[in-house]
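For reference, the structure discussed in these notes is given below.
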Amino acid sequence: MSMILEYFHELKKEKLRMTLTVLGVCWGMANIVLMLSVGEGLHRELQRGLLSMGKDIVVVWSGQTSKAYAGFPVGRRIRFTGEDLDRITERVPLIDKISPEFIKWSVTIKDNGNNLDTQVSGVYPCWGEMRSMVPEAGGRFINDMDLARKRRVIFIGNAVRDKFFGEGSNPVGRQITVMDIPFTVIGVMKKKMQTSSYSGMDKDRCSIPASTYKTMFNQNYPNNAVFRPADRSRSEEAQDAFRKFLASRYKCDPEDESIANFWDTIESVEIQGKILRGIQIFMGIIGGLTLIIAGIGVANIMYVTVKERTREIGIKMAVGARPVYIISQFVLEALLTVGIGGALGIALGKGMIFVTWNLPIEHEVMNFIGRPVFSALLALISSVILTFIGLLTGVFPARKASLVDPVEALRYE
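Counting along the sequence shown from 1, when you hit position 282 you're at 292 in our numbering, and nothing is skipped either side.
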């Protein structure tokens, strides 16, 4: 307790010096808090944007042979059908769910004189769940009965709803025409942030049952398929099993990797996560360097303090103070200095984060860069760095103070 009182007595005596030292630590800590928070916000937002296209899914497109096999030439187009995909779930247990995706890029929809050209996809019910197509309250996605009975029902993106029916309206149950054929709106996609796509943004598309689509457009071959592995850690095995199924069905070399092309979003999420963590660590290092510079300033101040208090140290040692007491005193003073500065820095950093959250920035911009996020983990990391800096800046000056010769110290003016 006496050491703490001595520290505040010294703080009162050297107001300007100690205030500037504390402010240096405060600014350094605020920097590292802000840098780590910006990195965390960027990481979360970009991961969320990628996952909004669908969690643990693989997108597959038809390919062509790159090897001659069983009398067939190189370059033969391999095109899977919806029936092929139905058989895959029975024969390939590594694949949990699969849906074809038939796509018509420009289709005219009409309602009471309103016309809009949009994208229409023919899919299975499981496609909506795999692709995170969550309906707004009161609506639904395509179900098994819609598919079996070839119902003329349509699920629309939120941007399509806003352009066609008016922003925020509820068109569920209303009739529209698709290529002059009447359809009933059964749901509107709940607004989501999406930063990745392979066939346009989900907000700008409409979905109908695949069976209805095939009847309307007479298209037997889907543009692509989407599946979810039964075990996300065995995604590559599931892709290989899919490829081998096609090879056996269309008489291709089982080792020919070009007969189907895959986009493994599971792998993409993992790679993106590693890159973003690297960026976050880099930003933390930049903030940490600012704090280290502030720590060097604290160490210099402590060295000056030791020199100025040489006589005081000598008196204490002359009346029986041990070196360990002297070391403890100066280490404690350094820890208190960086502790006060660090606490103020964390508060300042959180204040800067609050200001950032309330800046009048376009929502679409924040979808890509994210907003800074302060978490308990960041507070722990900051505290560990702060403690290390405090010990580092206090130990060496304290050791110098403990080696002072009491006799020489008493002569020091």
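Every residue, glycine too, gets a C-beta built ideally from N, C-alpha and C. These numbers come from a predicted model, not from an experiment.
- [ ] Go to V117, then tell me how far its alpha helix (DSSP H) extends in each direction, as first and last residue.
- [x] Against the sequence shown, residue 117 aligns to sequence position 107. Annotation for V117: no alpha helix (DSSP H) segment contains it, though the beta strand (DSSP E) segment containing it runs I105 to D121.
Task: Buried versus exposed, by CB contacts within 10 Å (16 or more), K149 - done: Your numbering for residue 149 matches position 139 in the sequence shown. The amino acid occupying residue 149 in the given sequence is Gly; Lys does not appear at that position. Residue burial annotation: G149 is buried, with at least 16 other C-beta atoms found within 10 angstroms of its C-beta.
Open item on the list: Let's test the definition: count the other Cβ atoms within 10 Å of the Cβ of R171 and tell me whether it reaches 16, buried, or not, exposed.
Closed with: Locating residue 171 in the sequence shown gives position 161, where the first residue counts as 1. Burial check for R171: the Cβ neighbour count within 10 Å reaches 16 or more, so the residue is buried.
- [ ] Could you tell me the distance, in whole angstroms, from the CA atom of Y422 to the CA atom of T315?
- [x] Here residue 422 corresponds to residue number 412 of the sequence shown, with the count starting at 1. Here residue 315 corresponds to residue number 305 of the sequence shown, with the count starting at 1. Because Y422 sits at a pLDDT of 49, beneath the cut-off of 50, its placement in the model cannot be relied upon, and the following sentence gives the value as read from the coordinates. Looking at the backbone, the Cα of Y422 and that of T315 are separated by about 14 angstroms.
- [ ] Specify whether the region 231-249 and the region 67-78 touch according to this definition: at least 3 beta carbon pairs, one from each stretch, less than 8 angstroms apart.
- [x] Short answer: they touch.
Task: Cross-strand partners of M199 (DSSP beta bridge) - done: Position 189 of the sequence shown, counted from the first residue, corresponds to residue 199. P145, per the DSSP bridge assignment.
- [ ] Sort out for me which residues DSSP pairs S72 with in a bridge.
- [x] On the sequence shown, residue 72 is found 62 positions in, with the first residue counted as 1. As DSSP reads the structure, S72 sits in a beta bridge with A270.
Task: Backbone CA spacing between K254 and E247 [nearest angstrom] - done: Locating residue 254 in the sequence shown gives position 244, where the first residue counts as 1. Locating residue 247 in the sequence shown gives position 237, where the first residue counts as 1. Put simply, the backbone Cα of K254 is about 10 angstroms away from that of E247.
TODO: Assign I67 to one of three DSSP states: helix, strand, or coil.
DONE: Position 57 of the sequence shown, counting from 1, holds the residue named residue 67. Coil, per DSSP.
Open item on the list: Going by DSSP, what residue range makes up the beta strand (DSSP E) through Q129?
Closed with: Residue mapping note: residue 129 aligns to position 119 of the sequence shown, counting from 1. That run of the beta strand (DSSP E) goes N124 to V133.
Task: Delimiting residues of the beta strand (DSSP E) encompassing N234 - done: Counting from 1 along the sequence shown, the entry for residue 234 is found at position 224. Per DSSP, the unbroken beta strand (DSSP E) holding N234 starts and ends at N234 to P239.
Open item on the list: Need the endpoints of the beta strand (DSSP E) that V188 sits in, please.
Closed with: On the sequence shown, position 178 is the one that residue 188 refers to. Judged by DSSP secondary structure, V188 falls within the beta strand (DSSP E) whose first and last residues are Q185 to V188.
Open item on the list: When you compare the CB positions of I276 and L256, do they come within less than 8 angstroms of one another, or not?
Closed with: In the sequence shown, the residue the question calls residue 276 occupies position 266. In the sequence shown, the residue the question calls residue 256 occupies position 246. No, the Cβ-Cβ distance between I276 and L256 is not below 8 angstroms.
- [ ] To the nearest angstrom, report how far apart G355 and Y335 are at their CA atoms.
- [x] As a position in the sequence shown, residue 355 is number 345, starting the count at 1. As a position in the sequence shown, residue 335 is number 325, starting the count at 1. Cα atoms of G355 and Y335: separation of roughly 30 angstroms, rounded to the nearest angstrom.
Task: Where V163 falls: helix, strand or coil (DSSP) - done: On the sequence shown, position 153 is the one that residue 163 refers to. Here V163 sits in strand by DSSP.
Task: Beta-carbon gap between P145 and V188 smaller than 8 angstroms - done: Taking the first residue of the sequence shown as 1, we reach residue 145 at position 135. Taking the first residue of the sequence shown as 1, we reach residue 188 at position 178. Taking 8 angstroms as the Cβ cut-off, P145 and V188 do not qualify as a contacting pair.
Open item on the list: I'd like to know whether the C-beta atoms of K134 and A220 end up nearer to each other than 8 angstroms.
Closed with: Here the question's residue 134 lines up with position 124 in the sequence shown. Here the question's residue 220 lines up with position 210 in the sequence shown. Note that residue 134 is Tyr in the sequence shown, not Lys. Yes. Within cutoff.
Task: Cβ-based burial, M39 [other Cβ within 10 Å; buried from 16] - done: Taking the first residue of the sequence shown as 1, we reach residue 39 at position 29. The residue is buried, with at least 16 neighbouring Cβ atoms inside 10 Å.
Open item on the list: Going by the DSSP bridge assignment, what does C216 pair with across the sheet?
Closed with: Here residue 216 corresponds to residue number 206 of the sequence shown, with the count starting at 1. Beta-bridge partners of C216 (DSSP): V130 and I166.
- [ ] Tell me I191's beta-bridge partners as DSSP assigns them.
- [x] Here the question's residue 191 lines up with position 181 in the sequence shown. DSSP lists V188 as partners of I191.
- [ ] Within the region 245-314, note down every full alpha helix (DSSP H) run reaching 4 residues or more, in order along the chain.
- [x] You should have 245-259.
Open item on the list: Please report the distance separating the alpha-carbon of F112 from that of G132.
Closed with: Taking the sequence shown and counting its residues from 1, the one referred to as residue 112 is at position 102. Taking the sequence shown and counting its residues from 1, the one referred to as residue 132 is at position 122. Rounded to the nearest whole angstrom, the CA to CA distance from F112 to G132 is 5 angstroms.
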